[in-house]
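Number of protein chains: 2
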Amino acid sequence: MHNYIQENESRFYNELFSLLRIPSVSSEPEHKGDMTRCAKRLVELLMEAGADFAEICPTAGHPVVYGEKMISKSAPTVLIYGHYDVQPVDPIDQWKSNPFEPEIRDGAIYARGANDDKGQIFMHLKAFEYLVRTGRQRHNIKFIFEGEEEISSPSLTDWIKANKERLACDIILVSDTTMISAKVPSINCGMRGLAYMEIVVKGPDADLHSGHYGGSVANPANVLCKMVGSLIDSKGRITIPGFYDDVVELTQQERQMLSRAPFNAREFKSEIGVPGVRGEKGFTTQERRSIRPCLDVNGIVGGFTAEGSKTIIPSEARAKVSMRLVPNQRCGKIAELFKAHIAAIAPKDVSVEVIEHHGCDGFLIPVTSKAYQAAAKAIGEVYGIEPVPSRGGGSIGILAEMQQILGADPLLMGFGLERDFIHSPNESYLLSQLFKGMESIALFYKYYDR
Amino acid sequence: MHNYIQENESRFYNELFSLLRIPSVSSEPEHKGDMTRCAKRLVELLMEAGADFAEICPTAGHPVVYGEKMISKSAPTVLIYGHYDVQPVDPIDQWKSNPFEPEIRDGAIYARGANDDKGQIFMHLKAFEYLVRTGRQRHNIKFIFEGEEEISSPSLTDWIKANKERLACDIILVSDTTMISAKVPSINCGMRGLAYMEIVVKGPDADLHSGHYGGSVANPANVLCKMVGSLIDSKGRITIPGFYDDVVELTQQERQMLSRAPFNAREFKSEIGVPGVRGEKGFTTQERRSIRPCLDVNGIVGGFTAEGSKTIIPSEARAKVSMRLVPNQRCGKIAELFKAHIAAIAPKDVSVEVIEHHGCDGFLIPVTSKAYQAAAKAIGEVYGIEPVPSRGGGSIGILAEMQQILGADPLLMGFGLERDFIHSPNESYLLSQLFKGMESIALFYKYYDR
Numbered sequence: 015m016h017n018y019i020q021e022n023e024s025r026f027y028n029e030l031f032s033l034l035r036i037p038s039v040s041s042e043p044e045h046k047g048d049m050t051r052c053a054k055r056l057v058e059l060l061m062e063a064g065a066d067f068a069e070i071c072p073t074a075g076h077p078v079v080y081g082e083k084m085i086s087k088s089a090p091t092v093l094i095y096g097h098y099d100v101q102p103v104d105p106i107d108q109w110k111s112n113p114f115e116p117e118i119r120d121g122a123i124y125a126r127g128a129n130d131d132k133g134q135i136f137m138h139l140k141a142f143e144y145l146v147r148t149g150r151q152r153h154n155i156k157f158i159f160e161g162e163e164e165i166s167s168p169s170l171t172d173w174i175k176a177n178k179e180r181l182a183c184d185i186i187l188v189s190d191t192t193m194i195s196a197k198v199p200s201i202n203c204g205m206r207g208l209a210y211m212e213i214v215v216k217g218p219d220a221d222l223h224s225g226h227y228g229g230s231v232a233n234p235a236n237v238l239c240k241m242v243g244s245l246i247d248s249k250g251r252i253t254i255p256g257f258y259d260d261v262v263e264l265t266q267q268e269r270q271m272l273s274r275a276p277f278n279a280r281e282f283k284s285e286i287g288v289p290g291v292r293g294e295k296g297f298t299t300q301e302r303r304s305i306r307p308c309l310d311v312n313g314i315v316g317g318f319t320a321e322g323s324k325t326i327i328p329s330e331a332r333a334k335v336s337m338r339l340v341p342n343q344r345c346g347k348i349a350e351l352f353k354a355h356i357a358a359i360a361p362k363d364v365s366v367e368v369i370e371h372h373g374c375d376g377f378l379i380p381v382t383s384k385a386y387q388a389a390a391k392a393i394g395e396v397y398g399i400e401p402v403p404s405r406g407g408g409s410i411g412i413l414a415e416m417q418q419i420l421g422a423d424p425l426l427m428g429f430g431l432e433r434d435f436i437h438s439p440n441e442s443y444l445l446s447q448l449f450k451g452m453e454s455i456a457l458f459y460k461y462y463d464r
Numbered sequence: 015m016h017n018y019i020q021e022n023e024s025r026f027y028n029e030l031f032s033l034l035r036i037p038s039v040s041s042e043p044e045h046k047g048d049m050t051r052c053a054k055r056l057v058e059l060l061m062e063a064g065a066d067f068a069e070i071c072p073t074a075g076h077p078v079v080y081g082e083k084m085i086s087k088s089a090p091t092v093l094i095y096g097h098y099d100v101q102p103v104d105p106i107d108q109w110k111s112n113p114f115e116p117e118i119r120d121g122a123i124y125a126r127g128a129n130d131d132k133g134q135i136f137m138h139l140k141a142f143e144y145l146v147r148t149g150r151q152r153h154n155i156k157f158i159f160e161g162e163e164e165i166s167s168p169s170l171t172d173w174i175k176a177n178k179e180r181l182a183c184d185i186i187l188v189s190d191t192t193m194i195s196a197k198v199p200s201i202n203c204g205m206r207g208l209a210y211m212e213i214v215v216k217g218p219d220a221d222l223h224s225g226h227y228g229g230s231v232a233n234p235a236n237v238l239c240k241m242v243g244s245l246i247d248s249k250g251r252i253t254i255p256g257f258y259d260d261v262v263e264l265t266q267q268e269r270q271m272l273s274r275a276p277f278n279a280r281e282f283k284s285e286i287g288v289p290g291v292r293g294e295k296g297f298t299t300q301e302r303r304s305i306r307p308c309l310d311v312n313g314i315v316g317g318f319t320a321e322g323s324k325t326i327i328p329s330e331a332r333a334k335v336s337m338r339l340v341p342n343q344r345c346g347k348i349a350e351l352f353k354a355h356i357a358a359i360a361p362k363d364v365s366v367e368v369i370e371h372h373g374c375d376g377f378l379i380p381v382t383s384k385a386y387q388a389a390a391k392a393i394g395e396v397y398g399i400e401p402v403p404s405r406g407g408g409s410i411g412i413l414a415e416m417q418q419i420l421g422a423d424p425l426l427m428g429f430g431l432e433r434d435f436i437h438s439p440n441e442s443y444l445l446s447q448l449f450k451g452m453e454s455i456a457l458f459y460k461y462y463d464r
């Protein structure tokens with residue numbers, strides 16, 4: 015595809031810039047019209063690239079764009095997922111150029127959405143166009159672009175359920191993440207799930223004078239500390255019975271493959287400003303933050319928290335506690351185990367309630383899968399070096415839902431780099447990554463079979 | 015003194031009301047002039063009652079009033095401590111009558127300060143007057159009334175240190191507390207001390223994404239919970255090494271005397287709204303809240319505490335932790351033990367700091383002391399029933415300081431009742447308690463010898 019890119023480079027810029035110029039900020043109501051404009055522009059680009067069919071599909075929120083070009087019922091089907099909405103631009107005064115007037119400087123495009131996710135969507139549109147125009151398409155190719163990714167995809171699950179048959183596919187291909195570096199290309203083959211809970215401990219009806227009552231009644235904040243403090247043992251293991259039952263242990267080979275990702279412990283510590291690392295015994299730092307589950311207090315509050323001192327026994331104390339889960343652990347089951355364990359350890363002289371905030375499952379595509387192997391071969395050819403498989407520690411709930419509803423694995427072929435500053439001022443996307451991404455995607459189709 | 019009271023009743027009302035009419039709210043700068051007016055009025059009342067000498071003594075804050083009438087160098091000396099400042103009156107619309115225009119309704123005086131502490135001071139002034147005018151005075155009697163009790167006595171310690179010799183005494187007599195009830199008169203013979211600390215746990219420089227880092231670094235809120243949760247063991251004992259070293263265990267006889275105070279466990283629980291009690295094994299609820307030390311979280315905060323959820327590892331978490339101490343435990347030593355213990359259990363992969371907020375020692379007057387025995391005999395005679403010794407769970411730092419500086423024990427002969435609603439709207443003081451208090455104090459002088 016290298017030559018095709020060179021021949022069409024200036025047209026590509028014009029087309030991508032036309033998308034970047036539309037301020038499709040999904041969280042800001044004044045941009046509602048821009049959302050529709052952006053969706054329409056995507057429909058045009060899909061049709062120009064060679065789709066048989068593309069349309070704007072209304073939802074309860076911002077519309078979904080769907081398009082496809084089918085080859086035959088027997089051909090493998092690839093579903094491309096991406097999003098056309100972008101983050102707000104504040105603080106606007108820190109931008110060196112207008113976020114919605116794209117500029118090329120030092121080999122990179124600067125604009126809101128240059129990477130996340132308009133730039134990465136665009137690679138798929140152009141790889142598709144190349145296949146169509148050069149007669150190379152041998153897969154059914156479907157596109158779904160949502161307008162609510164930056165606001166947690168509130169409408170997409172319902173839309174996918176309602177369009178399950180239309181979306182049937184063998185693999186879900188996503189470019190919305192980063193690779194380790196341009197010199198260490200990587201493919202993200204899994205993300206963690208999440209179960210977000212809150213423990214509420216209630217004691218006396220009102221705050222009590224700690225002199226008059228101290229020592230004679232349960233203090234909800236002390237009780238909460240004792241319970242929360244007991245949830246992780248001295249080996250860094252979560253103490254909730256059954257918590258690890260569904261955790262799939264990786265083979266030595268899988269761990270070795272993942273360990274190829276470069277990691278500098280000193281840099282890791284100095285970047286976040288901690289004197290040491292800690293986690294589950296028997297695993298490396300990189301493993302602890304990706305292929306192992308964990309439990310964190312995200313927030314805790316109770317009693318007098320202002321400056322100075324006040325001598326009270328708080329009436330109530332609360333802790334938000336979330337667990338990152340690994341693929342095969344189900345967030346619903348973990349939430350139930352958590353609730354049962356808290357109920358079991360809760361003392362009888364206070365009232366303890368557990369609120370289930372939200373959750374999502376993790377997902378995984380095996381490195382032995384045909385899709386992963388095709389992506390690895392494609393990227394290896396373009397970058398001249400075999401990509402490293404990686405696992406993300408965060409959670410993308412909508413991909414786990416798509417996996418479960420559609421019965422196909424998501425593969426995260428992301429070409430962003432840390433330097434791109436997505437969600438921040440001066441977001442950018444390197445031209446070299448944009449074009450290598452297109453080539454890699456085109457080659458993926460060459461190597462991928464069901 | 016009964017007849018003396020009857021003969022002078024209306025004059026007593028006029029005099030007490032003249033004090034109550036002055037809005038001596040120490041915490042409100044606009045009442046600065048009223049503080050001086052009130053101090054002057056006390057000097058007049060002291061002189062009229064028969065003092066040799068009384069004066070307003072300036073301090074860095076509101077003035078102290080000092081007065082005395084000496085008999086002889088060899089006579090025992092009683093120092094009366096009280097305060098002329100009062101709490102603010104808000105919410106003013108809940109008062110049935112003007113807080114600074116005293117009214118007698120249903121056998122009680124209604125006004126701010128009616129009990130706390132102008133009414134209780136007044137009993138001492140009139141008992142003193144009675145002794146002087148009837149030729150019964152056989153003790154040196156000294157009075158110190160401060161104007162900053164309701165704002166934690168910031169100036170008094172310095173003033174007492176500077177006037178140590180003038181204040182030399184055998185006993186410090188204080189009427190600023192309640193008795194159990196008019197039918198169960200009691201004498202408070204000790205209060206607890208306090209050591210108020212704050213633990214600050216710092217982890218990463220900034221809040222971290224709990225997906226990207228969760229499982230690989232210490233979470234300051236989890237660490238804090240684990241440390242705080244470990245400070246009390248399953249028997250309700252504080253785990254800080256050396257914490258109990260200076261605790262004086264009470265004899266069975268002392269515990270039996272204290273247990274005479276009526277206590278209804280069901281009422282105790284229902285009043286504060288708790289399903290059960292808890293505390294140190296081997297002690298009753300009343301003992302746990304008075305003669306035993308305790309440790310309470312007064313406030314805790316870290317991370318995301320608003321509604322909803324946010325997936326972060328907090329950069330910092332803090333807990334305010336205070337300990338009530340029993341007499342003979344020194345707050346300074348306990349603060350050091352606390353700091354050493356936290357340093358010993360603090361993990362090395364976070365930074366843990368302990369802030370020492372403030373503290374005070376407890377104090378105690380033995381029930382076998384001559385002063386306690388005299389007070390018990392006096393109250394027994396007036397109320398027709400032997401008073402119960404009680405121990406307060408709260409802390410009055412200034413009395414422990416006076417005890418240490420002057421080398422004399424404080425005896426808390428308080429005649430307030432729970433029904434008086436001090437610090438609240440419609441504060442009142444029963445006339446029956448006012449007059450029984452005067453009589454009891456007069457009889458105290460009859461029975462007290464060094």
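Residue numbers (my numbering), protein chains in the order written: chain Z, 15 to 464; chain S, 15 to 464.
The C-beta atom is built at its ideal place from N, Cα and C for all residues, glycine as well.
When the Cα atoms are used, S/E395 and S/T192 turn out to be separated by approximately 19 Å. Against chain Z, a Cβ distance below 7 Å from S/I326 picks out N312. Counting only runs of at least 4 residues, the region 47 to 101 of chain S fully encloses no alpha helix (DSSP H) element at all. Take the alpha-carbon of Z/F429 and the one of Z/A414: they are about 21 Å apart.
Residue state for S/A331 is assigned as strand, using DSSP reduced to three classes.
Taking the Cα positions, S/S41 is about 8 Å away from S/E162. The beta-carbon of Z/I359 is placed no less than 8 Å from the nearest beta-carbon of chain S. About 6 Å separates the beta carbon of Z/L34 from that of Z/A128, a gap short enough to meet the 8 Å contact definition.
Closest in C-alpha terms to Z/L59, from the list Z/R269, Z/E29 and Z/K46, comes Z/E29. Residue-level contact check: Z/Y227 touches chain S, since one or more beta carbons of chain S fall below 8 Å from its beta carbon.
For Z/V231, the nearest CB of chain S lies under 8 Å from its own CB, placing it at the interface with that chain. CA-CA distance, S/L56 to S/I123, rounds to 19 Å.
Contacts between S/H371 and chain Z, judged by CB atoms closer than 8 Å, involve G322 and S323 in chain order. Interface with chain Z (8 Å Cβ-Cβ cutoff): S/L431 is excluded. DSSP places Z/K132 inside the alpha helix (DSSP H), whose first and last residues are K132 to R147. For Z/S224, a Cβ of chain S is located within less than 8 Å of the residue's own Cβ.
Between Z/G207 and Z/C308, the C-beta spacing is not below 8 Å. The Cβ of S/A331 sits closer than 8 Å to at least one Cβ of chain Z. Runs of the alpha helix (DSSP H) lying entirely within the region 183 to 254 of chain S, each at least 4 residues long, are 224 to 227 and 234 to 243 in chain order. Beta-bridge partners assigned by DSSP to Z/P424: Z/I186.
A straight-line Cα-Cα distance of about 9 Å links S/P102 and S/P37. The DSSP assignment places complete beta strand (DSSP E) segments of no fewer than 3 residues inside the region 321 to 369 of chain S at 330 to 339, in order along the chain. Z/E294 reaches chain S at G229, counting residues in chain order whose Cβ is nearer than 8 Å.
Boundaries of the beta strand (DSSP E) harbouring Z/E117: E117 to R119, taken from the DSSP string. In chain order, V288, P289, G290, V291 and R292 make up the part of chain Z whose C-beta sits under 9 Å from the C-beta of S/D363.
Among the residues of chain S, those whose CB is under 8 Å from the CB of Z/P218 are I286, G287 and V288, following chain order. Burial of S/K450 is indicated by the presence of at least 16 other C-beta atoms within 10 angstroms of its C-beta.
At least one C-beta of chain S is nearer than 8 Å to the C-beta of Z/I246.
For Z/E160, there is no enclosing alpha helix (DSSP H); the residue is found in the beta strand (DSSP E) stretching over N154 to E160. For S/S24, the secondary structure class from DSSP, reduced to helix, strand or coil, is helix. The residues A63 and G64, in chain order, have a CB closer than 7 Å to that of Z/E143 in the same chain once the five nearest residues on each side in sequence are set aside. In the DSSP secondary-structure assignment, S/Y124 is bridged to S/E117 and S/S442.
In this chain, the beta strand (DSSP E) harbouring S/L309 covers C308 to G317. Taking the Cα positions, S/Y227 is about 20 Å away from Z/H372. Distance from Z/L272 to Z/I305 at the Cβ level is roughly 7 Å; contact confirmed, criterion being Cβ atoms closer than 8 Å.
Burial is judged here by how many other beta carbons sit within 10 angstroms of a residue's own beta carbon; Z/S167 has at least 16 and is buried.
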